[in-house]
Amino acid sequence: MSTSDAELYAPFRPVRGRRVSQVVAVVAVLWGIGLSALVWGLTPGDRASFIGTGLLVAAFCVLQARVVAVPDRDGLFVRNLVKRRRLEWAEVVGVSFGGGRPWVQLDLSDGDTLAVMGIQRADGALGDAEAKRLATLVALHSR
Numbered sequence: 001m002s003t004s005d006a007e008l009y010a011p012f013r014p015v016r017g018r019r020v021s022q023v024v025a026v027v028a029v030l031w032g033i034g035l036s037a038l039v040w041g042l043t044p045g046d047r048a049s050f051i052g053t054g055l056l057v058a059a060f061c062v063l064q065a066r067v068v069a070v071p072d073r074d075g076l077f078v079r080n081l082v083k084r085r086r087l088e089w090a091e092v093v094g095v096s097f098g099g100g101r102p103w104v105q106l107d108l109s110d111g112d113t114l115a116v117m118g119i120q121r122a123d124g125a126l127g128d129a130e131a132k133r134l135a136t137l138v139a140l141h142s143r
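For what it's worth, this note's numbering labels the leading residue of the sequence shown as 1, then goes sequentially.
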């Protein structure tokens with residue numbers, strides 16, 4: 001794969017959402033541990049609840065930080081919060097990023113749609129550029 005191909009087929013990952021998720025995950029765990037250690041008169045169950053809540057928030061944040069869309073010559077692998085899906089390029093008929101959507105939406109040949117959380121509006125101009133790159137890949141492979 002040439003350098004331009006490597007750039008064209010690079011994974012789609014959010015920047016801001018990923019950073020915020022990582023920071024919130026760390027803060028949530030520290031918050032749970034800190035409260036369980038600093039608040040007097042807690043039972044062991046209360047302490048475990050504080051720590052468990054911090055860990056649950058962190059687990060959700062880790063899922064958010066892991067969203068990605070990975071293109072290759074055969075298709076696109078999309079990992080959102082809990083769903084994963086592998087698409088062949090022929091299944092993708094359109095790419096939408098308008099209407100105030102927080103992330104890219106794919107129009108599929110079966111009439112369904114699929115969110116691609118790896119390209120997010122929160123990333124501003126980078127999100128727009130990544131949506132255009134994905135649309136370019138769809139156009140390139142729909143010939």
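Think of the CB as a built atom: it goes at the ideal place given N, C-alpha and C, for glycine as much as any other residue.
Neighbour-count burial assignment, residue i, 16 or more Cβ in a 10 Å radius
{"i": "V82", "result": "exposed"}
{"i": "S21", "result": "buried"}
{"i": "R18", "result": "buried"}
{"i": "L140", "result": "exposed"}
{"i": "A65", "result": "buried"}
Sub-7 Å separation of residue i and residue j beta-carbons
{"i": "A28", "j": "V57", "result": "yes"}
{"i": "S109", "j": "V95", "result": "no"}
{"i": "G98", "j": "E88", "result": "no"}
{"i": "V68", "j": "N80", "result": "no"}
{"i": "V26", "j": "D123", "result": "no"}
{"i": "A90", "j": "Q105", "result": "no"}
{"i": "R13", "j": "G118", "result": "yes"}
Identity of the residue in the options nearest residue i by Cα
{"i": "W103", "options": "G127, A139 and L76", "result": "G127"}
{"i": "L35", "options": "T53, R13, E88 and A129", "result": "T53"}
{"i": "R47", "options": "W31, C61 and E7", "result": "W31"}
{"i": "F60", "options": "A129, A90, V24 and I51", "result": "V24"}
{"i": "A6", "options": "A129, D107 and R73", "result": "R73"}
{"i": "L63", "options": "S49, R84, P44 and G45", "result": "R84"}
Spatial neighbours of residue i in its chain, beta-carbon cut-off 6 Å, leaving aside the 5 residues before and after
{"i": "V70", "result": "P11 and F77"}
{"i": "R121", "result": "P102 and G127"}
{"i": "D134", "result": "It should be noted that the sequence gives Leu, not Asp, for residue 134. Closer than 6 Å at Cβ, skipping near neighbours: V95."}
{"i": "E130", "result": "F12 and I119"}
{"i": "V138", "result": "V92 and V95"}
{"i": "V39", "result": "none"}
Beta-carbon contacts of residue i that lie in its chain and below 7 Å, excluding the five residues immediately before and after
{"i": "R86", "result": "G75 and F77"}
{"i": "I51", "result": "G32, I33 and S36"}
{"i": "T113", "result": "Q105, L106 and D107"}
Sequence-distant residues of its chain with Cβ nearer than 8 Å to residue i (five each side left out)
{"i": "L55", "result": "A28, V29 and G32"}
Curious, which full-length beta strand (DSSP E) runs of at least 3 residues does the segment 61-103 contain? 68-71, 75-79, 84-88 and 92-96
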